[in-house]
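A short worksheet on the structure shown next.
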Ligand SMILES: [Fe+2]
Ligand SMILES: [Fe+2]
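Numbering (this note's numbering), first residue to last: 351 to 628.
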């Protein structure tokens with residue numbers, strides 16, 4: 351499996367040097383025209399919800415990250431983590447540009463985030479304002495705390511970037527490609543996704559090294575996952591959907607949950623904390 355060939359932070363940093371992109375080089379003119387005249391009201395509502403989730407998620411993961419840079423254990427790891435911080439800021443800027451040029455009008459990022467927040471449900475807030483922020487606060491207070499670093503990377507890289515992020519990417523881009531809409535957004539989201547693969551590669555590498563060095567840290571991974579997984583299932587559902595049997599963006603809840611859990615299970619296997627030991 352692909353994740354079994356993990357790259358170390360120095361290799362991931364060197365990949366980053368070859369994989370730069372500019373959020374302003376992407377043409378959003380077709381997207382803007384289609385948004386105004388080319389999407390049904392229901393589709394528009396779902397796509398607006400998906401874009402609002404991405405806007406708020408990237409703002410959170412850009413501003414709740416510096417503690418991990420401070421917690422680096424080598425110069426190579428600090429270098430890679432500095433590139434991830436730049437990537438997240440670039441992603442936030444791209445989504446803010448989509449808000450400014452396609453969905454709404456030019457505004458500060460804070461205004462786009464506030465408007466987007468109004469569309470999101472409670473599970474989303476629990477993950478991004480609750481668990482992520484408190485894990486970041488604990489790590490920033492003591493960057494040498496190995497357990498706090500494992501808790502943070504489990505929350506950030508394993509749950510948010512891989513389980514939530516890759517699942518959102520799979521179903522949002524499949525839907526938009528099938529409908530033939532928002533080509534500029536899909537192009538930029540593809541670049542974001544490529545960066546995210548590098549970030550997740552780091553997270554899985556770091557957790558595997560940590561658990562191999564100190565098996566008790568594996569219990570920290572289990573504890574964080576047990577606490578967060580119910581909110582993850584909730585955050586994948588549009589806020590107006592009732593129960594566990596819903597459809598969104600052309601996919602059933604079962605298909606979306608299956609994709610999310612399948613990916614998490616493969617990564618946990620590589621980390622050394624199989625899903626069935628949670
Ligand atoms: Fe990102
Ligand atoms: Fe990321």
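Here a beta-carbon is modelled for each residue, glycine too, at the ideal position from N, C-alpha and C.
Legend entry - Check whether residue 579 and residue 521 have beta carbons under 7 Å apart: Residue 579 sits at position 229 when you count from the first residue of the chain shown. Residue 521 sits at position 171 when you count from the first residue of the chain shown. Cβ atoms of residue 579 and residue 521: not closer than 7 Å.
Inset, instruction - Would you grab the beta carbon distance between residue 535 and residue 448 for me? Rounded to a whole angstrom, and I think it's under 8 Å. - result: Against the chain shown, residue 535 aligns to sequence position 185. Against the chain shown, residue 448 aligns to sequence position 98. Confirmed, Cβ separation roughly 6 Å.
Inset, instruction - Could you tell me how far apart the beta carbons of residue 462 and residue 476 are, in whole angstroms, since I believe they sit closer than 8 Å? - result: To locate residue 462, count along the chain shown from 1; it is residue 112. To locate residue 476, count along the chain shown from 1; it is residue 126. Between residue 462 and residue 476, the beta carbon gap of about 22 Å keeps them out of contact (Cβ cut-off 8 Å).
Inset, instruction - Return the first residue and the last residue of the alpha helix (DSSP H) that residue 467 is part of. - result: Position 117 of the chain shown, counted from the start, is the residue given in the question as residue 467. Residue 467 -> alpha helix (DSSP H) spans 459–467.
Legend entry - Bounding residues of the alpha helix (DSSP H) (the contiguous stretch that carries residue 569): Against the chain shown, residue 569 aligns to sequence position 219. Element bounds for residue 569: 566–585.
Inset, instruction - Report yes or no: do three or more beta-carbon pairs, one from the segment 491–506 and one from the segment 432–447, lie closer than 8 Å? - result: Touching, no.
Legend entry - residue 486 beta carbon near ligand 2 (any heavy atom closer than 6 Å): Here the question's residue 486 lines up with position 136 in the chain shown. Incorrect: residue 486 has no Cβ contact closer than 6 Å to ligand 2.
Inset, instruction - Answer yes if the segment 451–470 comes into contact with the segment 403–418, meaning at least three C-beta pairs across the two stretches below 8 Å, and no otherwise. - result: Counting Cβ pairs under 8 Å, three or more are found: they touch.
Legend entry - Secondary structure of residue 455, DSSP reduced to three states: As a working mapping, residue 455 is identified with position 105 in the chain shown. If DSSP states are grouped into helix, strand and coil, residue 455 belongs with coil.
Inset, instruction - Leaving aside the five residues before and after residue 517 along the sequence, list all residues of the same chain whose C-beta is less than 8 Å from its C-beta, in chain order. - result: What you label residue 517 is simply residue 167 of the chain shown in a count that begins at 1. Cβ neighbours of residue 517 beyond the five flanking positions: 586, 606, 609, 610 and 613.
Inset, instruction - Give the single residue among 473, 481 and 434 whose Cα lies nearest to the Cα of residue 550. - result: As a position in the chain shown, residue 550 is number 200, starting the count at 1. Of 473, 481 and 434, the residue nearest in Cα terms is 434.
Legend entry - For residue 537: DSSP bridge partner residues: Position 187 of the chain shown, counting from 1, holds the residue named residue 537. According to DSSP, residue 537 bridges with nothing at all.
Legend entry - Closest Cα partner of residue 553 within the set 510, 540 and 589: For the purposes of this step, residue 553 is taken as the residue at position 203 of the chain shown. Taking the Cα of residue 553 as reference, the smallest distance to any Cα among 510, 540 and 589 is reached at 510.
Inset, instruction - Less than 8 Å between the CB atoms is what I'm expecting for residue 630 and residue 473, so what's the real figure, rounded? - result: Nothing about residue 630 can be reported from this structure: the residues present for the chain run from 351 to 628 only.
Inset, instruction - Ignore the nearest five residues each way along the sequence and tell me which others in residue 496's own chain have a CB closer than 8 Å to its CB. - result: By one-based count along the chain shown, residue 496 stands at place 146. Excluding positions up to five away in sequence, the list reads 560, 564 and 567.
Inset, instruction - Could you pull the start and end residues of the alpha helix (DSSP H) that residue 360 belongs to? - result: Within the chain shown, residue 360 is the residue found at index 10, counting from 1. 359–367 is the extent of the alpha helix (DSSP H) around residue 360.
Inset, instruction - Output the boundary residues of the alpha helix (DSSP H) element that contains residue 401. - result: As a first step, residue 401 must be located in the chain shown, where it is residue number 51. Start and end: 391–413.
Inset, instruction - Let me have the residue list for ligand 1: C-beta closer than 5 Å to any non-hydrogen atom, ordered along the chain. - result: The set of residues with CB atoms less than 5 Å from any heavy atom of ligand 1 reads, in chain order, 438 and 441.
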